[in-house]
């Protein structure tokens, strides 16, 4: 058996006859304890920010992205978010060639060598809802929902990887008009939204991509 206890308790047990009830209080299930430790480790890694000093400046320069334009957004970007709003960009049409003026949101992507690249998400005038999105054509209801509310209103099965369908939430980025997919498995469920307690039914509706009326 395995027991976890403070050193002071262990010293007491050596000095006196072992109390089975006291000892039982410190018994642990090895599998459960290992699972708990791994969960804590994973949570720590999940919220560990990226090291912005590793940003590939040469790649950023080729994309016409200025560091001073990124600075207000870097903290959020280091946690995996996109910039909060549009920034100006002047990317090269070809290496060393003519540049164009555009705008968009940006995010950070870690590379195999540990460096970070700034990834542009360019602005477009409107979202093309008739084109296939991750191997799927959107039905009329979904297109209407995205046009009116920016959200699909239901979970869609998308081919994020060849030959594999993944349940996803789909929405239209309000700044770039880009369609964005988020796997359902990556969304944490909450029982409260804007200080309003959600019933189980509303939680299911919300995390299935549906609309929820908040009361209170």
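Numbering (the UniProt record's numbering), first residue to last: 1 to 216. Cβ atoms here follow ideal geometry from the backbone N, Cα and C, with glycine treated the same way. This one's a predicted model, so the numbers in the text were calculated from it and none came from an experiment.
Roughly how many angstroms lie between the CA atoms of residue 121 and residue 197, to the nearest whole one?
Taking the first residue of the chain shown as 1, we reach residue 121 at position 121. Taking the first residue of the chain shown as 1, we reach residue 197 at position 197. One Cα belongs to residue 121, the other to residue 197, and the distance between them is close to 35 Å.
Alpha carbon to alpha carbon, how far is residue 102 from residue 125? Give it in angstroms, no decimals.
On the chain shown, position 125 is the one that residue 125 refers to. On the chain shown, position 102 is the one that residue 102 refers to. Rounded to whole angstroms, the separation of the alpha carbons of residue 102 and residue 125 is 12 Å.
Can you look up residue 178 in the DSSP assignment and give me helix, strand or coil?
The residue you call residue 178 lines up with position 178 of the chain shown. Secondary structure at residue 178: coil, using DSSP grouped into helix, strand and coil.
Just verifying my parser: in three-state terms, what is the DSSP assignment at residue 26?
The count along the chain shown starts at 1 and reaches residue 26 at position 26. Low confidence applies to residue 26: its pLDDT is 49, below 50, so where it sits in the model is not reliable enough to give any reading.
Thinking just about the alpha-carbon of each residue, which of 183, 174, 60 and 133 is nearest to the one in residue 95?
Counted from its first residue, the chain shown places residue 95 at position 95. The option with the nearest alpha carbon to residue 95 is 60.
When you compare the CB of residue 132 with every CB in chain D, is at least one pair closer than 7 Å?
The displayed structure is made up of one protein chain only, and chain D is not part of it.
By alpha-carbon positions, which one of 76, 99, 79 and 116 ends up nearest to residue 53?
Residue mapping note: residue 53 aligns to position 53 of the chain shown, counting from 1. When only C-alpha atoms are compared, the closest one is 116.
Exposed or buried, what is residue 82 when buried is set at 16 or more other beta-carbons lying within 10 Å of its beta-carbon?
Residue numbering aside, residue 82 sits at position 82 when the chain shown is read from its first letter. Taking a 10 Å sphere around the C-beta of residue 82, we find 16 or more other C-beta atoms and assign the residue as buried.
What does a CB cutoff of less than 6 Å around residue 136 pick up in its chain, not counting 5 residues either side in sequence?
On the chain shown, position 136 is the one that residue 136 refers to. Cβ neighbours of residue 136 beyond the five flanking positions: 158.
Which runs of the alpha helix (DSSP H) at least 4 residues long sit entirely within the stretch 115-149? Give them in chain order.
Listed in chain order, the complete alpha helix (DSSP H) runs (minimum 4 residues) inside the stretch 115-149 are 140-149.
Rounded to whole angstroms, what is the Cα-Cα separation between residue 64 and residue 55?
Against the chain shown, residue 64 aligns to sequence position 64. Against the chain shown, residue 55 aligns to sequence position 55. Roughly 14 Å between the two C-alpha positions.
Beta-carbon within less than 8 Å of residue 98's beta-carbon, same chain only, minus the 5 sequence neighbours each way: which residues are those?
To locate residue 98, count along the chain shown from 1; it is residue 98. 92, listed in sequence order.
Less than 8 Å between the CB atoms is what I'm expecting for residue 131 and residue 160, so what's the real figure, rounded?
For this step, residue 131 is matched to residue 131 along the chain shown. For this step, residue 160 is matched to residue 160 along the chain shown. With 8 Å as the limit, residue 131 and residue 160 do not qualify as a contact, their Cβ atoms being about 16 Å apart.
Residues in its own chain within less than 8 Å of residue 111 by CB, not counting five upstream and five downstream?
As a first step, residue 111 is located in the chain shown; it is residue number 111 there, counting from the start. Here the set comprises 56 and 117.
Can you find the residues in the same chain that come closer than 6 Å, C-beta to C-beta, to residue 69, ignoring five residues on each side of it along the sequence?
Within the chain shown, the letter at position 69 stands for residue 69. For residue 69, where only same-chain residues beyond five positions count, the Cβ hits under 6 Å are 87.
Over what stretch of residues does the alpha helix (DSSP H) that includes residue 159 continue unbroken?
The residue given as residue 159 occupies position 159 in the chain shown. Segment 156-161 is the beta strand (DSSP E) holding residue 159; no alpha helix (DSSP H) there.
Among all the DSSP beta bridges, which residues are the ones paired with residue 170?
Walking along the chain shown from the start, residue 170 turns up at place 170. Beta-bridge pairing links residue 170 to 181.
Residue 104 and residue 123 closer than 7 Å at C-beta
Counted from its first residue, the chain shown places residue 104 at position 104. Counted from its first residue, the chain shown places residue 123 at position 123. Yes, they are a contact pair.
Residue 110, enclosing beta strand (DSSP E) - first and last residue:
Position 110 of the chain shown holds residue 110. Where residue 110 is concerned, the enclosing beta strand (DSSP E) stretches over 102-110.
List the residues that DSSP assigns as beta-bridge partners of residue 89.
Indexing the chain shown from 1 puts residue 89 at position 89. Secondary-structure assignment with DSSP links residue 89 through a beta bridge to 102.
Use the C-beta contact count for residue 171: other C-beta atoms within 10 angstroms, 16 or more gives buried, fewer gives exposed.
For the purposes of this step, residue 171 is taken as the residue at position 171 of the chain shown. Per the 10 Å Cβ criterion, buried.
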